[in-house]
Amino acid sequence: MRLSRFAALTSAFFVTTALALTGASAAASAQLPTATGYVALGDSYSSGVGAGSYDSASGSCKRSTKAYPALWAAAHSPSSFQFTACSGARTGDVLSSQLGPLNSSTGLVSISIGGNDAGFADTMTTCALQGESACLARVAQARTYIANTLPGRLDGVYNAISQKAPAARVVVLGYPRFYKLRGTCIAGLSEKSRAAINAAADDINGVTAKRAADHGFTFADVNATFSGHELCSGSAWLHSVTFPVLESYHPTAAGQSGGYLPVFASAA
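Here it is, written out as structure tokens:
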């Protein structure tokens, strides 16, 4: 009888304590603001260079209404949408001029960054104009930067995002491989140059995915959706050398809606 009474009292104590703790937790949660706003950061792959339909107010940042952030926001109607991604942006540009909209009510952040730090534009210009030997040397230089310097630059950006938007889910998007090897192209870069460029894209995605994971962010790999739509595939979602030159080697509108948007939507 005494053991039964003791067991009953003990059970009642734990139930009461659990209810009290649950109630306190629920009350605390009820006092926290709901984080629902969306902020899109990053470089030209996020601003939508290559997709056309640019917002004239964005100037040289070339923010497109057909870029994946704008498409996602139009479909999901977040409580607020701030689009600060900008063509040509490097990690330092994100830190100095893109983080202003982030705050405690930011619930979702997207970003692609690092390609310009690694010399994306200069590398592709070298490869297009100076031949295989110069291309391979420039790609090797970019890969060294990606391995040795880029991780710290990404850490700086990711730390700043976490500090300014602590409640946000952060989705870090990668870059597609540019070329389908042994594809349909009969002119242009050599196969060795194309393979080296693809390898550099794999490098930057690998580094970015690791740094994102270490910060508790989600890495979104777009290679699966771009598979079959690389340059030399016969159905490319990337511009080759084109006019305006700024759009060269950037996703088309189809690349944004078919390559980037579904991967981001799934991760978000």
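Under mature numbering (1 follows the signal peptide of the UniProt record, and there is no 0), the residues of the sequence shown are numbered -20 to -1, 1 to 248, in order.
The beta carbon of each residue, even a glycine, is placed where N, CA and C say it ideally should be.
{"Check": "Write down the C-beta distance between G95 and Y138 rounded to the nearest angstrom, noting that I regard them as a contact closer than 8 Å.", "Outcome": "Not confirmed; about 16 Å, so no contact."}
{"Check": "Cβ of V151 within 9 Å of Cβ of F206?", "Outcome": "no"}
{"Check": "Just to confirm the assignment, what range does the alpha helix (DSSP H) spanning L116 have?", "Outcome": "111 to 128"}
{"Check": "Looking at the secondary structure, which residues open and close the beta strand (DSSP E) in which Y149 lies?", "Outcome": "The sequence given here has Arg at residue 149, not Tyr. Counting along the chain, the beta strand (DSSP E) containing R149 begins and ends at 149 to 153."}
{"Check": "Quick one: using the 10 Å Cβ neighbour count with 16 as the cut-off for buried, is R(-16) buried or exposed?", "Outcome": "Caution is warranted here: a pLDDT of 42 is assigned to R(-16), below 50, making its placement in the model unreliable, and the coordinate value is therefore given only provisionally. Looking at its Cβ environment, which holds fewer than 16 other Cβ atoms inside 10 Å, R(-16) is exposed."}
{"Check": "If you pair each beta-carbon of the region 95 to 114 with each one of the region 45 to 54, do three or more pairs fall below 8 Å?", "Outcome": "no"}
{"Check": "Comparing alpha-carbon positions, which option in D135, D102, I141 lies nearest A122?", "Outcome": "D102"}
{"Check": "Three-state secondary structure (DSSP) at T86?", "Outcome": "strand"}
{"Check": "What does DSSP give as the partner residue(s) for residue 321 in the beta ladder?", "Outcome": "No answer is possible for residue 321: the residues shown for the chain start at -20 and end at 248."}
{"Check": "Between the Cα of D182 and the Cα atoms of G196, I166, S33, V202, which residue gives the shortest distance?", "Outcome": "V202"}
{"Check": "Out of S27, A248, T64, T106, point me to the one whose CA is closest to K42's CA.", "Outcome": "S27"}
{"Check": "What is the DSSP secondary structure of Q62, counted as helix, strand or coil?", "Outcome": "strand"}
{"Check": "Which stretch, first to last residue, makes up the alpha helix (DSSP H) that contains A245?", "Outcome": "241 to 247"}
{"Check": "Taking all protein chains shown into account, decide if G30 is buried (16 or more other Cβ within 10 angstroms of its Cβ) or exposed.", "Outcome": "buried"}
{"Check": "G198 lies in the beta strand (DSSP E); which residues open and close that run?", "Outcome": "The sequence given here places Thr at residue 198; Gly does not occur at that position. Taken as a continuous stretch (DSSP letters only), the beta strand (DSSP E) holding T198 covers 198 to 200."}
{"Check": "State the DSSP-derived secondary structure class of Y229, mapped to helix, strand or coil.", "Outcome": "coil"}
{"Check": "Sort out for me which residues DSSP pairs Y138 with in a bridge.", "Outcome": "Answer is none; Y138 lacks a bridge partner."}
{"Check": "Could you please give me the residues that DSSP links to Y159 through a beta bridge?", "Outcome": "L211"}
{"Check": "Which one of T86, V89, C66, A98 has the shortest CA to CA distance from I184?", "Outcome": "A98"}
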